[in-house]
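First comes the structure, then the notes that go with it.
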Amino acid sequence: MAKRPCRDFDNATMLVTQLKKKHEFGIIWKLEDYSICSKLSEITSGMFSGGPKSYSWQFKMDTTKNDDSTSDDYDGYLDDDEYDDTESPIKATEVYLMLKELGDENDQRKINVQIKVSIVGRNNSGNLFWEKDVEKYDISFKDFSEKGVRLFKLRSGQLSSYIVNDALKIHCAITTFKGLKNVVVDAPSQQ
């Protein structure tokens, strides 16, 4: 039985699906009087615009008492020296980004977003205390509007080490994507 000759892969191409970048913007939420605000169960920022069709966004911060989450539920490096684990009750702080309005009536669409979140040092000097990347694809507008995307969850004792002059500054660089596109690219060499 004769074998077929192997094809040459040098000229091969492949079809790749990529996201089309739409809009990029950044926002800093400065929460002043943090010592007072942290005693509230929920705090929301004012609405701000950014992205396609002037989407309307909002931050939400939840402070939970008696948090019984495991350490896997938290973001950041949790070292025993960084917070007092004997704090009673243990409090956790979660920060969410919510997309409140799309700028049109099409509330059935799916949202694709990449977010780089960081806690910023004095005078927006760029010395970041902490940062994280969050990627969400095909999230429904309803979920984004009602629940939001969790940016981070930190123990309140750990978060307090990031407070400067009784203020917390959270920076978000947000990239929204228009949708998917098919692109033909050269296949990697099979050598």
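Numbering (our numbering), first residue to last: 12 to 202. Where is the CB? At the ideal position from N, CA and C, for every residue including glycine.
Would you kindly work out how many angstroms separate the C-alpha atoms of residue i and residue j, rounded to a whole number?
| i | j | result |
| --- | --- | --- |
| residue 165 | residue 74 | 10 Å |
| residue 171 | residue 107 | 18 Å |
| residue 67 | residue 104 | 23 Å |
| residue 131 | residue 185 | 16 Å |
| residue 142 | residue 110 | 21 Å |
| residue 126 | residue 160 | 10 Å |
| residue 34 | residue 114 | 14 Å |
| residue 149 | residue 112 | 17 Å |
| residue 102 | residue 44 | 18 Å |
| residue 162 | residue 123 | 15 Å |
| residue 51 | residue 187 | 31 Å |
| residue 65 | residue 59 | 9 Å |
| residue 69 | residue 36 | 14 Å |
| residue 116 | residue 157 | 17 Å |
| residue 169 | residue 155 | 27 Å |
| residue 179 | residue 151 | 29 Å |
Does the beta-carbon of residue i have 16 or more other beta-carbons within 10 angstroms, so that it is buried, or is it exposed?
| i | result |
| --- | --- |
| residue 146 | exposed |
| residue 189 | exposed |
| residue 121 | exposed |
| residue 62 | buried |
If you check the beta carbons only, do residue i and residue j fall under 9 Å apart?
| i | j | result |
| --- | --- | --- |
| residue 183 | residue 47 | no |
| residue 56 | residue 167 | no |
| residue 71 | residue 54 | yes |
| residue 203 | residue 181 | Since the first residue of the chain shown is 12 and the last is 202, residue 203 is not available in this structure. |
| residue 177 | residue 153 | no |
Problem set entry | Residue ranges of each alpha helix (DSSP H) within the region 119–193, 4 or longer | 152–157 and 167–171
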